[in-house]
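Structure, as structure tokens:
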Amino acid sequence: MYSSAMTKTHGRIHDQQRIDHCPIRFTRRSRQGFTLVELMVVIVIIGLLAGVTTISVRSYMIRSKRNVARLEISKISTALDTFYTEVGRYPTNEEGLQVLVEPSTPFPDGLLNKLPRDPWGHDFEYHSPGQNGPFDIICYGADHREGGSGGDADISSNQLDEDNGI
Numbered sequence: 001m002y003s004s005a006m007t008k009t010h011g012r013i014h015d016q017q018r019i020d021h022c023p024i025r026f027t028r029r030s031r032q033g034f035t036l037v038e039l040m041v042v043i044v045i046i047g048l049l050a051g052v053t054t055i056s057v058r059s060y061m062i063r064s065k066r067n068v069a070r071l072e073i074s075k076i077s078t079a080l081d082t083f084y085t086e087v088g089r090y091p092t093n094e095e096g097l098q099v100l101v102e103p104s105t106p107f108p109d110g111l112l113n114k115l116p117r118d119p120w121g122h123d124f125e126y127h128s129p130g131q132n133g134p135f136d137i138i139c140y141g142a143d144h145r146e147g148g149s150g151g152d153a154d155i156s157s158n159q160l161d162e163d164n165g166i
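Each residue of the sequence shown is one higher than the last, beginning at 1 in the UniProt record's numbering.
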């Protein structure tokens, strides 16, 4: 009743040739895994996302370290102003910032517990008198050299005064 090329399944007659050309083969192939091209596209996308993320995080870290340096300079400036109020002068270059942590008559515990270091692990530079004021406190940035740009740019107490409109 049925030809050899035809079969009966669940009450329906199917042509064996149509079954052979059915898109089921694509389904079987897609179950086997991803092609090399698909994997390469995914790897490239992941690489691009990682690159963008790394650049963003690095930029954020540089800004954060520069902000920490500004805060430390501000803290030292406040201690220097307190020293001036009590002693009547700012520390000399020879005394340096060390005088702020040493116990003395007006400051039995010192003005600071310890001298802060810049976020890159270097000491702050102190000059008295300063170029535009009674003192300068300078952080030479990531490269710890005078000048520079970006993360290597210098940060000074003069810049803080300019930023605050003083």
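Don't be surprised by glycine CBs; every beta carbon is placed ideally from N, CA and C. Remember, it's a predicted structure, so these values are computed and weren't measured experimentally.
{"query": "According to the Cβ coordinates, are residue 155 and residue 73 closer than 8 angstroms?", "result": "yes"}
{"query": "Which same chain residues end up closer than 7 angstroms to residue 117 when comparing Cβ atoms and leaving out the 5 residues on each side of it in sequence?", "result": "123"}
{"query": "My understanding is that residue 110 touches residue 103, with C-beta atoms under 8 angstroms, so please give their C-beta distance in whole angstroms.", "result": "5 angstroms"}
{"query": "Can you give the Cα-Cα distance for residue 135 and residue 119, rounded to whole angstroms?", "result": "21 angstroms"}
{"query": "Once you ignore the five residues that flank residue 146 on each side, which residues in its own chain have a CB closer than 7 angstroms to its CB?", "result": "140, 154"}
{"query": "At the level of alpha carbons, what is the spacing between residue 67 and residue 149?", "result": "15 angstroms"}
{"query": "According to DSSP, simplified to helix, strand and coil, what is residue 125?", "result": "strand"}
{"query": "I'd like to check one pair, residue 93 with residue 131: are the Cβ atoms closer than 8 angstroms?", "result": "no"}
{"query": "What's the C-alpha gap between residue 58 and residue 64?", "result": "10 angstroms"}
{"query": "According to DSSP, simplified to helix, strand and coil, what is residue 156?", "result": "strand"}
{"query": "Return helix, strand or coil for residue 145, following the three-state DSSP convention.", "result": "coil"}
{"query": "Between residue 85 and the rest of its own chain, which residues show a CB-CB distance below 6 angstroms, the 5 nearest in sequence each way excluded?", "result": "none"}
{"query": "By the DSSP assignment, the alpha helix (DSSP H) with residue 136 in it spans what residues?", "result": "Per DSSP, residue 136 belongs to no alpha helix (DSSP H); it is in the beta strand (DSSP E), 136 to 139."}
{"query": "Quick check on the DSSP output: the alpha helix (DSSP H) that includes residue 70 runs from which residue to which?", "result": "36 to 87"}
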